[in-house]
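Contents: one structure, followed by commentary.
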Amino acid sequence: MNAPRKRQRRMIGCIVTAVALLMTSAAIVQSKTNSSWRSMVDTHKALHAGWLAQPDTREPLWGAASEGHAFTHYEQAAEIMSDVLKDNESLGDLIGKTDEQVADMAGELREAWLPALSALRAGTHASNSRVDRDNLAADQNINFLNYRWVSNAAAFETRHLRRAGDDMASVEVSLDSLGMAIDVFSDGLLIHQMISVAMIAIALEPWTDEALRALDPDAAATLAAGLAKLDAQMPEILTTDRELLFLTEQFQKQSGQSDWAAGGSWRYGFSARWMLADAVLMTSVNYNRLNNSDTTDWQTRQLLADQIVKEVHASGNDVAAMVFPTVVWAEKSIRHSIGTVRLLRMALDMRRGVDSEPLDDPFGTGPIVIDESPEILTLKSVGNAGHEPLEFVMAR
């Protein structure tokens, strides 16, 4: 009788111990979750204050600024182009066409897109260039398709005006398009920075070496000045505070957090809330590591970013592993866009007869390279964003 009673007491003791351990473990998880969440909220407050403190204004790429909110006009332009697309499926046929082909094919399409370009011009010259800061929790992603078509319409108009012999108006429309692109970029959301890269590529595409050679001096000078302002507003180091602010806003909106992390992982006591908060804190630390590395050299930054990616994956935080690696390819795309702008600036100066030093290569440690041959000059970077070569070919 004594033996069964002893076994029974041992079993009861084990159960009590297990329950105590579970209760202790749950208390620890809850404590760490609450601590991380409070730190995330504090991070959000600091980021929000920093965002509100940033200037609302910027200088237009050409002309003078006027009163108003840029994105109010950009949204109007995007809405107009959305309606144009619904009524004119042939609009896409103009993409990639020469000046002559655009002039021949545009027809009534030009009358349809001109109101959008009027709104675009009002936006790029409006003094307030920021999105609504009073409602950051709202969905503020712009409609990429509609904004892209505003950029396409500006590129078509650039070609049409150039074909008509109005060089200055052609340049001004291009700079309007680039002005909208840099305003979208400056909002700071990662997706907006990537949308901006695409918009800049569309705006610059019409400016071939042949087009630069044909520009009259005044228009060429206006384009050169505008491109210099654009270059100055495009940081080689990725802007991250706005993206982190967006994440903290979204995580706090999702009360159950199930949309971001389904149940957490064993490392986080299966607490999605703890995992999300820790993902923000980890991402904040790693953004600071990357942006405070005291170098803009791409190779050095890429090595550091690769190391951070390995650490994030090893952490077991699936949310952080999803968020941080996007910074690497995003910055690479931004640098490619900057390189495209600088190649055009250099080519334009050469065509204007302006004696200027080669601009810095965003992928190298020195200036953009100029390769000479008897028939052509090739301005080129040592790197690219993983697609076409980053170069500009000029006839001699």
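Each residue of the sequence shown is one higher than the one before, starting from 1 at the first, in the numbering used here. Even glycine gets a Cβ: it sits at the ideal position worked out from N, Cα and C.
Item	Value
Span of the alpha helix (DSSP H) around Asp349	326 to 352
Identity of the residue in Ala112, Ala201, Asp93 nearest Glu79 by Cα	Ala112
Supposed close pair Ser127, Ala65 - CB separation, criterion 8 Å	4 Å
Given Phe324 as reference, the closest of Ser333, Lys310, Ser337, Ile334 once Cα atoms are compared	Lys310
Option nearest Pro362 by Cα separation, candidates Ser381, Arg351, Arg352, Asp371	Ser381
Sub-8 Å separation of Ser196 and Ile182 beta-carbons	yes
Run of the beta strand (DSSP E) containing His125, from where it starts to where it stops	No beta strand (DSSP E) holds His125; the alpha helix (DSSP H) holding it covers 108 to 125.
Asp361 - DSSP class collapsed to helix/strand/coil	coil
Delimiting residues of the beta strand (DSSP E) encompassing Ile376	376 to 380
Alpha-carbon to alpha-carbon, Glu375 and Ala395	6 Å
Where the beta strand (DSSP E) containing Gly226 begins and where it ends	No beta strand (DSSP E) contains Gly226, which is instead part of the alpha helix (DSSP H) from 217 to 232.
At least three beta-carbon pairs within less than 8 Å, the segment 116 to 130 to the segment 31 to 49	no
Integer Cβ distance of His73 from Ala122, believed to fall under 8 Å	4 Å
Candidates Ala164, Met194, Ala153, Phe185: closest to Ser174 by CA position	Ala153
Lys332 classed as buried or exposed, judged by whether at least 16 other C-beta atoms fall within 10 angstroms	buried
Supposed close pair Pro206, Ala155 - CB separation, criterion 8 Å	5 Å
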